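Quick note: the sequence shown uses the working numbering, first residue 59, plus one each step. By construction, the Cβ of each residue, glycine as well, lies at the ideal position given by its N, Cα and C atoms. If you're wondering where the values come from, they're calculated on a predicted model, not measured in any experiment. For reference, the structure discussed in these notes is given below.
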Amino acid sequence: MLSFYPGPSKVHPEALGFIQEAFSNGVVSINHRSERFEVLLKDTLQILHEKWNIPQDYTLYFISSATEAWEIVAQSLIKEKSLHLYNGAFGKKWAHYTQQIIPNAHSSEFGLNEDLKSVAPTLSTKDFDTICLVQSETSNGTGQTICRSDFDLKEDAIIAVDATSTMGGINLPWLEADVWFASVQKCIGIPAGLGVLICSPKALERAAQLNKKVHYNDVLLMEENRKLFQTHYTPNVLSIYVLNKLAHLLPNLAVIDQQTWEKASILTDFFSNANSFHLSFLIENPLLRLPTVFALQGETEQIKRLQHLCLKNNIELGKGYGKWKDNTIRIANFPSHTLEDFSQLINLINA
């Protein structure tokens, strides 16, 4: 089955060999306090910094998922008052769960075809110590440009960004935010079960200022373990190993970014022209469409017909999400997807 589901999705084919290798060399059984694990973690952090062009003073941590990162930001980094800006289901969920922890967590929803640059000036953002943004909204395929200067912020305010459907697939402006996070089952291209959290020095300063060491995944405890090249909990060692091997194998993110946009251009050209299923882009503004998750809308019966056709031919498309459940499909364009994969899909739709 060829999966275009927007996560979990197609896994890099090389991952199977690395999984078998991990079993044969005993990696799956190593202790996360052992020297062997420390060597693995140190090398993984270094290669990701190098291949993803992450600033050297930004620190990287492994967690269980991007969803856990919502909790970490709320428990370890929000001082008193946060603002969540969103235009989709996952941004709304992030705001909701934060409000259960932080009473002064505020939220503001904006339209599908609006961008943060135009929304930010309409809000009194200087009242908040933490701004929470969604760079890649998987539910509807919108992508936002993250830029600090769009917001009127207090000097010590931090920005946290959910980049779940783009991290590892396109270049991200690391310096424009203080916290970035994602899960591995999307652009990173390995099975679900691991999350990546990246923090700026400013985020660590905030954590030190709040000095919270109450929860096992408080940032200060994560940082103490990272300095020893260990983790704050028993991690998914297999996923870390596979990620390490893939990071060494795959090209620099700048190259992957170019490949992602090239494939996105092919998909855009195809769906911009007439097709037998009469699909159109859910997001009208092309500048706000994610290059990694395409959301297409159509009549419910046409959506069902396309899904059925694809499944019959061993291709899985993503279903719509939330209020777009019945009248949209979502198609992933992750680094694991090849030009041949998209040719197969396009030829099937054209048949």
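Skipping 5 residues on each side, what residues in its chain have a beta carbon closer than 6 Å to that of Leu103?
Leu118
Assign Val272 to buried or exposed, taking buried as 16 or more other Cβ atoms, counted over all protein chains shown, within 10 Å of its Cβ.
exposed
With 16 other CB atoms within 10 Å as the buried threshold, where does Met225 fall?
buried
Where the alpha helix (DSSP H) through Tyr119 begins and ends
From DSSP, Tyr119 is part of no alpha helix (DSSP H) but of the beta strand (DSSP E) over 117–121.
Tell me the residue span of the beta strand (DSSP E) that contains Gly149.
Per DSSP, Gly149 belongs to no beta strand (DSSP E); it is in the alpha helix (DSSP H), 147–157.
Enumerated in chain order, which unbroken segments of the alpha helix (DSSP H) with a length of 4 residues or greater are wholly contained in the segment 151–213?
Here the runs fully enclosed are 174–177.
Whose C-alpha, out of Leu325, Ala73, Asn145, Ile88, is nearest the C-alpha of Trp382?
Asn145
Count the C-beta pairs between the segment 262–279 and the segment 62–75 that are closer than 8 Å, then say yes if the count reaches three, no if not.
no
Do Ile248 and Leu308 count as a contact pair if the criterion is CB distance below 8 Å?
no
Flag this pair as yes or no: are the beta carbons of Gln212 and Lys184 separated by less than 8 Å?
Note that residue 212 is Lys in the sequence shown here, rather than Gln. Yes, Cβ-Cβ distance for Lys212 and Lys184 is below 8 Å.
Under the three-state reduction of DSSP, which class applies to Cys368: helix, strand or coil?
helix
Closest Cα partner of Ile228 within the set Phe81, Gln193, Ala250
Gln193
Out of Thr180, Ser241, Glu79, state which residue places its alpha-carbon closest to the alpha-carbon of Gly251.
Ser241
Please state if the CB of Val219 and the CB of Ala235 are separated by a distance shorter than 8 Å.
Result yes, Cβ atoms of Ala235 and Val219 sit closer than 8 Å.
Expected contact under 8 Å - CB spacing of Ile130 and Ile121 to nearest Å
Confirmed, about 7 Å.
Taking just the CA atoms, how far does Asn83 sit from Gly380?
43 Å
Using CA atoms only, rank isn't needed, just tell me which of Asn372, Ala353, Lys377 is closest to Lys362.
Lys377
What is the DSSP secondary structure of Ala218, reduced to helix, strand or coil?
Under the three-state reduction of DSSP, Ala218 is assigned to strand.
Rounded C-beta distance between Ala14 and Ile189? I'm assuming under 8 Å.
A query on residue 14 cannot be resolved here, the shown segment of the chain reaching from 59 to 409 and no further.
Endpoints, beta strand (DSSP E) assigned at Ser241
237–241
Pull up the distance between the alpha-carbon of Ala80 and that of Trp110, whole angstroms please.
Using only the alpha carbons, I get a separation of about 24 Å.
Classify Arg347: buried if its beta carbon has 16 or more other beta carbons within 10 angstroms, exposed otherwise.
buried
Measure the C-alpha to C-alpha separation of Met59 and Gly199 and round it to an integer number of angstroms.
23 Å
Contacting residues, own chain, Cβ-Cβ under 7 Å from Phe168 (five flanking each side not counted)
Answer for Phe168: Leu143, Asn145, Val177, listed in chain order.
With three or more C-beta pairs closer than 8 Å as the rule, is the segment 86–97 touching the segment 280–290?
yes
For the beta strand (DSSP E) holding Thr386, just list the boundary residues, first then last.
386–390 is the span of the beta strand (DSSP E), which, as asked, contains Thr386.
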